[in-house]
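If you read the sequence shown in the working numbering, its first letter stands for residue 225, the second for the next number, and so on. A short write-up of the structure that comes next.
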Amino acid sequence: MNGLVLLDDGRGRFGPMVDLRSSFDLRSGILTTGERIAAVAGQSVVAAVVPEPIAAITANRHPELVVNEIPEGDGPWLVINGRLLQPPGDVSLEPGSAEVSARDGSIRRAVLDREGLQSLLDVIASNDPEASLPESIRLVERDEPPLAEHPWDIFATAGSRISIDLGLIERPEDHWMRLHGGTVIGDHPIRIARDAALDPLVVLDAREGPIVVETGVKVGAHSVLTGPCAILDATRVSDHASIKANTVIGPGCRAGGEIGGTVFQGYSNKSHDGHLGDSWVGEWVNLGAATVNSNLLNTYGDVVVRLDPAESRIRSGRQFLGCILGDHVKTAIGTRIMTGSVIGTGAMIASATSPPTFLERFAWLTDDGVRKYRLDKFLDTARVVMERREQELDPAIEARLQSLHAATPDPRA
Numbered sequence: 225m226n227g228l229v230l231l232d233d234g235r236g237r238f239g240p241m242v243d244l245r246s247s248f249d250l251r252s253g254i255l256t257t258g259e260r261i262a263a264v265a266g267q268s269v270v271a272a273v274v275p276e277p278i279a280a281i282t283a284n285r286h287p288e289l290v291v292n293e294i295p296e297g298d299g300p301w302l303v304i305n306g307r308l309l310q311p312p313g314d315v316s317l318e319p320g321s322a323e324v325s326a327r328d329g330s331i332r333r334a335v336l337d338r339e340g341l342q343s344l345l346d347v348i349a350s351n352d353p354e355a356s357l358p359e360s361i362r363l364v365e366r367d368e369p370p371l372a373e374h375p376w377d378i379f380a381t382a383g384s385r386i387s388i389d390l391g392l393i394e395r396p397e398d399h400w401m402r403l404h405g406g407t408v409i410g411d412h413p414i415r416i417a418r419d420a421a422l423d424p425l426v427v428l429d430a431r432e433g434p435i436v437v438e439t440g441v442k443v444g445a446h447s448v449l450t451g452p453c454a455i456l457d458a459t460r461v462s463d464h465a466s467i468k469a470n471t472v473i474g475p476g477c478r479a480g481g482e483i484g485g486t487v488f489q490g491y492s493n494k495s496h497d498g499h500l501g502d503s504w505v506g507e508w509v510n511l512g513a514a515t516v517n518s519n520l521l522n523t524y525g526d527v528v529v530r531l532d533p534a535e536s537r538i539r540s541g542r543q544f545l546g547c548i549l550g551d552h553v554k555t556a557i558g559t560r561i562m563t564g565s566v567i568g569t570g571a572m573i574a575s576a577t578s579p580p581t582f583l584e585r586f587a588w589l590t591d592d593g594v595r596k597y598r599l600d601k602f603l604d605t606a607r608v609v610m611e612r613r614e615q616e617l618d619p620a621i622e623a624r625l626q627s628l629h630a631a632t633p634d635p636r637a
């Protein structure tokens with residue numbers, strides 16, 4: 225093999241989760257899916273194939289990769305779909321062949337030369353769901369392990385991948401500290417980075433799964449961490465927080481109150497009291513004090529979700545499903561988010577009543593109704609928020625935000 229190519233085929237229905245990133249950059253455990261794929265494959269990632277609207281973002285996020293072009297050399301290259309959350313360790317494919325889903329023909333994995341890789345680039349560039357690889361490429365049908373298709377496929381199973389990722393990440397022998405302090409329950413692994421800080425009376429409950437606390441993390445006094453869970457680099461956990469099982473808090477976050485079954489992509493704030501369960505939180509989100517969500521219908525029924533303004537509602541097949549919060553979402557104090565809500569990228573909620581279960585990108589919701597967030601004001605706020613974490617707004621992301629804003633209708637027009 226001449227290296228690994230990560231594929232975002234654009235076929236997943238992930239709503240705002242992929243407005244500003246590829247499917248393989250979604251955090252689906254301690255690692256993003258792309259990081260896990262590379263670790264399991266044991267090969268260097270040399271290129272990425274993604275939908276054109278996020279090509280520049282992907283190139284800036286991964287400057288070492290060739291994006292939507294054929295890398296140097298004659299191949300063959302191993303191509304793996306970024307929706308394959310747990311890729312098999314063996315290749316088991318001959319050059320010139322592709323493993324596809326028997327259900328819908330999605331490309332799962334492939335071993336391609338220059339000509340085959342060009343065919344794949346053409347398929348993705350066409351944005352045609354009926355487009356397929358040429359007959360010269362031999363197809364092998366397979367559906368296990370499954371490709372992720374919806375947001376809950378990623379965050380609802382993230383806890384099960386924490387132990388897998390713990391075995392994949394490479395850390396120096398002295399990275400983890402010998403635990404001293406706190407109350408420890410259970411026999412699953414507990415990994416605390418040497419420079420992490422646990423205040424007095426922290427409880428680490430590892431009866432049901434591992435607990436990972438990464439470098440630079442601070443966990444406040446009287447907090448309870450229940451495994452499987454992972455708190456990633458430079459995150460701060462507030463005093464008295466309850467971080468429940470199957471939770472991954474990405475890097476640079478502020479986490480407080482009750483959080484369970486939820487993935488934070490990174491750099492988001494939920495510092496205060498309030499319940500957040502069975503949800504996904506993008507980057508640069510800020511949840512005001514006492515923001516709460518519901519993750520269970522009073523009927524205990526199947527949660528129905530609308531992921532995109534152009535799509536109809538779909539049945540999730542899940543009894544517990546909270547909310548999906550796009551990047552840069554903001555909520556005022558006391559916001560109540562209903563079961564199965566999808567809040568679009570850049571939306572701002574400051575209303576006394578609960579927002580609708582689907583809120584368009586850049587919605588500015590107050591008690592006076594919904595209007596469209598002014599782009600200049602939105603970008604000014606985004607820059608201020610990011611500067612507080614010593615980050616800058618990437619020009620490619622800014623251009624994408626401008627494009628999304630232009631395509632979003634004004635509800636008052």
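Note that the Cβ used here is the ideal one computed from N, Cα and C, for glycine as well.
Per DSSP, residue i forms a beta bridge with which residues?
i, result
"Leu521", "Bridge partners of Leu521: none, in fact."
"Asp457", "The partner list for Asp457 (beta bridge, DSSP) is empty, contrary to what the question assumes."
"Thr471", "Cys453"
"His496", "Its beta-bridge partners do not exist; DSSP assigns none."
"Ser343", "Ser343 pairs with nothing; no bridge assigned."
"Glu323", "Arg333 and Val364"
"Ser466", "Val448 and Glu482"
"Glu507", "Gly490"
"Val229", "Ala271 and Val303"
"Leu308", "Leu371"
"Ile435", "Ile414 and Cys453"
Excluding sequence positions up to five away, which residues of its chain have a Cβ less than 6 Å from the Cβ of residue i?
i, result
"Ala283", "Val291"
"Thr486", "Thr471, Leu500 and Ser503"
"Gly582", "Here residue 582 is Phe; the residue named in the question, Gly, does not match the sequence. If we look at Phe582 and ignore the five residues flanking it on each side, its Cβ neighbours are Arg530 and Val566."
"Ala574", "Ala556 and Thr590"
"Arg539", "Asp526 and Val528"
"Arg366", "Glu323"
"Arg415", "Trp400 and Val436"
"Gly558", "Ala514"
"Gly476", "Ala458, Gly490, Tyr491 and Arg613"
Could you say which of the options lies nearest to residue i if we only look at CA atoms?
i, options, result
"Asp419", "Thr439, Pro413, Glu432 and Gly410", "Thr439"
"Ile278", "Gly234, Gly451 and Gln267", "Gly234"
"Asp634", "Glu616, Ala271, Asp457 and Val594", "Val594"
"Gly239", "Asp618, Thr569 and Pro580", "Thr569"
"Gly433", "Arg460, Cys477 and Arg385", "Arg385"
"Asp377", "Ala637, Glu616, Leu309 and Ala576", "Leu309"
"Pro312", "Pro319, Gly320 and Val303", "Val303"
"Pro295", "Ala280, Ser268 and Gly320", "Ser268"
"His464", "Gly474, Gln489 and Pro424", "Pro424"
"Arg327", "Glu373, Val443 and His286", "Glu373"
"Asp411", "Gly444, Pro452 and Leu392", "Pro452"
"His286", "Glu276, Val270, Gly236 and Lys596", "Val270"
"Gln489", "Leu230, Asp232, Asn226 and Thr256", "Thr256"
"Pro369", "Asp314, Glu359 and Ser321", "Asp314"
"Thr381", "Thr407, Asn351, Arg542 and Glu339", "Arg542"
"Leu289", "Glu339, Gly236 and Leu230", "Leu230"
"Ala297", "Gly227, Leu511 and Gly320", "One point to set straight first is that residue 297 is Gly, not Ala, in the sequence displayed. Of Gly227, Leu511 and Gly320, the residue nearest in Cα terms is Gly227."
"Glu318", "Asp592, Ser360 and Val461", "Ser360"
"Ser466", "Leu456, Arg460 and Ser447", "Ser447"
I'd like the list of long-range same chain contacts for residue i, defined as Cβ closer than 8 Å, with 5 residues on each side in sequence excluded.
i, result
"Ile409", "Val427, Leu428, Asp429, Ala430 and Arg431"
"Ala417", "His399, Trp400, Met401, Val437, Glu438, Thr439, Gly440 and Val441"
"Arg612", "none"
With a Cβ-Cβ cutoff of 8 Å, do residue i and residue j count as a contact?
i, j, result
"Val529", "Gly564", "yes"
"Leu520", "Asp243", "no"
"Leu549", "Gly506", "yes"
"Leu363", "Val335", "no"
"Ala272", "Ser246", "yes"
"Gly299", "Asp337", "yes"
"Thr632", "Arg585", "yes"
"Ile561", "Pro533", "no"
"Lys468", "Arg478", "no"
"Ile254", "Ala454", "yes"
"Asn517", "Gly474", "no"
"Trp301", "Met241", "no"
"Tyr597", "Ala587", "yes"
"Ala603", "Glu616", "The identity of residue 603 in the sequence shown is Leu, whereas the question assumes Ala. For Leu603 and Glu616, no; Cβs fall outside 8 Å."
"Arg624", "Ile281", "yes"
"Leu344", "Leu357", "yes"
"Leu392", "Arg260", "yes"
"Ala349", "Glu276", "yes"
Does chain C have any CB closer than 8 Å to the CB of residue i?
i, result
"Val427", "The structure shown contains no chain C; it holds only a single protein chain."
Give me, in chain order, the residues of the same chain whose beta-carbon lies closer than 7 Å to that of residue i; leave out the 5 immediate sequence neighbours on both sides.
i, result
"His496", "Gly480, Gly481, Ala513 and Ala514"
"Leu371", "Asn305, Arg307, Leu308, Ser325, Ser330 and Arg332"
Complete runs of the beta strand (DSSP E) confined to the segment 382–427 [at least 3 residues]: Fully enclosed beta strand (DSSP E) runs of 3 or longer: 407–409 and 414–416.
Inside the segment 347–382 only - beta strand (DSSP E) runs reaching at least 3 residues: If we require 3 residues or more, the beta strand (DSSP E) runs fully inside the segment 347–382 come out as 362–365.
Entirely enclosed beta strand (DSSP E) segments - the segment 555–604, minimum 3 residues: The DSSP assignment places complete beta strand (DSSP E) segments of no fewer than 3 residues inside the segment 555–604 at 565–567, 572–574, 587–590 and 593–596, in order along the chain.
Start-end ranges of the alpha helix (DSSP H) lying completely within the segment 234–291, minimum 4 residues: You should have 257–265 and 279–285.
Uninterrupted beta strand (DSSP E) stretches inside the segment 525–552 (no shorter than 3 residues): Scanning the segment 525–552 for uninterrupted beta strand (DSSP E) segments of 3 residues or longer gives 547–549, listed from N- to C-terminal end.
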